[in-house]
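Notes follow the structure.
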Amino acid sequence: EVLEEDEAEIPRVLRTVVELGEPLRGLPRKVKKVRALAQKQAKKAAKRGGQGKPCQFARETPIEKATADVVNSLESVGKTLVSGRKGAVDLLSGDTPIRTKNDGRNVDTWANAISLFVSVGKPQTRGPTSFWERDGELYMTWDGKAAGAHDSDIARVGRSKSAELTPESAGEATDNALLFVRRPPGQFMFCGRLECVGAPKSNDSAVSVRLVDGERVRSSDTYYQLIGCRLAAGEP
Numbered sequence: 018e019v020l021e022e023d024e025a026e027i028p029r030v031l032r033t034v035v036e037l038g039e040p041l042r043g044l045p046r047k048v049k050k051v052r053a054l055a056q057k058q059a060k061k062a063a064k065r066g067g068q069g070k071p072c073q074f075a076r077e078t079p080i081e082k083a084t085a086d087v088v089n090s091l092e093s094v095g096k097t098l099v100s101g102r103k104g105a106v107d108l109l110s111g112d113t114p115i116r117t118k119n120d121g122r123n124v125d126t127w128a129n130a131i132s133l134f135v136s137v138g139k140p141q142t143r144g145p146t147s148f149w150e151r152d153g154e155l156y157m158t159w160d161g162k163a164a165g166a167h168d169s170d171i172a173r174v175g176r177s178k179s180a181e182l183t184p185e186s187a188g189e190a191t192d193n194a195l196l197f198v199r200r201p202p203g204q205f206m207f208c209g210r211l212e213c214v215g216a217p218k219s220n221d222s223a224v225s226v227r228l229v230d231g232e233r234v235r236s237s238d239t240y241y242q243l244i245g246c247r248l249a250a251g252e253p
């Protein structure tokens, strides 16, 4: 039997028995109550999305409140990432656990940056995103509405500007725009920073940007497959 003075704390071995789900027959009444309570809490956790998730979420920072590590990410320009968009989040998050949400937009909004995710088709297929070249520089016209972006996302890309970022200023800039490109079912290549150069008059949801790190993008093994084979000689 469990002594009255011990009722406030079940011995560790009995708690283990409870967690293992051993038959209730022969166990002290207090242990039976603890087991019933544990089962009830497990059911509540499952309804919230699975055991342990509330604690996990408490440790994660919502992506819109997190600071993207833009400076250190630039070392990976031209590289192919793994794990899809999660790989892009991991690249920018450093050691900070990040909580994202799938809301249908092909963008991730950070506190100090916005990431654009572009999927291209066959070279002869014209999509909502087009790449072009002028004076040796790489450019892209991005249709935000076609990407499921909000007006605030499009406006943010429209404010993107080139900057020589330093570690000291990495968290201060709020208009960083970053590009990730893939051809499904392949993985995303990180194309670095974007700088807005204007907007096509024929489409008020589109923004034209320069690939600030274009030279490094060109040196990637997957550049031609993703961008080079569909590059126009001038702005469409």
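Counting in our numbering, the sequence shown runs from 18 upward without gaps. Backbone N, C-alpha and C define an ideal beta-carbon position, used for all residues, glycine too.
DSSP, read as helix, strand or coil, puts VAL124 in strand.
Distances from the CA of LEU195 to each of PRO145, LYS118 and TRP159 were compared; the closest alpha carbon is that of TRP159. In the three-state reduction of the DSSP assignment, ALA194 falls in the strand class, which pools E and B. Per DSSP, the beta-bridge partners of GLU150 are LEU155. In this structure VAL174 is buried. Its beta-carbon is surrounded by 16 or more other beta-carbon atoms within 10 angstroms. Across the set THR146, ARG199 and ASP170, the C-alpha of ASP170 shows the shortest separation from the C-alpha of THR126. When rounded, the separation of the alpha-carbon atoms in THR142 and LEU54 is 59 Å. Residue pairing by DSSP puts VAL224 in a beta bridge opposite TRP159. Beta bridge pairing from DSSP links GLU212 with ARG227. Straight-line spacing of the CA atoms in MET206 and ALA83 works out to 22 Å. CYS213 is positioned such that its CB atom lies closer than 8 Å to that of LYS178.
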